[in-house]
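Quick note on our numbering: the sequence shown kicks off at 133 and runs consecutively. The C-beta atom is built at its ideal place from N, Cα and C for all residues, glycine as well. Read through the structure below, which is laid out as structure tokens, and then see the notes.
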Amino acid sequence: MKRQVYVIVSTENGGTHNVQGMLEEGWRPVRETPMGSAGDFAYALVLLEKDV
133 MKRQVYVIVS TENGGTHNVQ GMLEEGWRPV RETPMGSAGD FAYALVLLEK
183 DV
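This is the structure:
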């Protein structure tokens with residue numbers, strides 16, 4: 133069985149999720165969708181997946 137979660141990543145420092153930590157816990161990126169930019173920052177929606 134697999135668990136999936138979407139996260140929004142940004143070029144701006146900060147936020148509440150540690151994507152690097154999730155990758156170290158076994159989450160794998162499945163798909164990335166660019167969401168454009170807002171001023172100096174770019175955003176993307178990333179689908180992560182993990183076997184449970």
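- Using a Cβ distance threshold of 9 Å, Arg160 and Glu144 do not count as a contacting pair.
- The three-state reading of DSSP puts Val141 in strand, counting E and B together.
- When C-alpha distances from Val178 are compared across Glu157, Ser169, Val151, the shortest belongs to Val151.
- Looking only at Tyr175, Gln136, Ala174, the smallest Cα-Cα distance to Met154 is reached by Gln136.
- For Val162, the secondary structure class from DSSP, reduced to helix, strand or coil, is strand.
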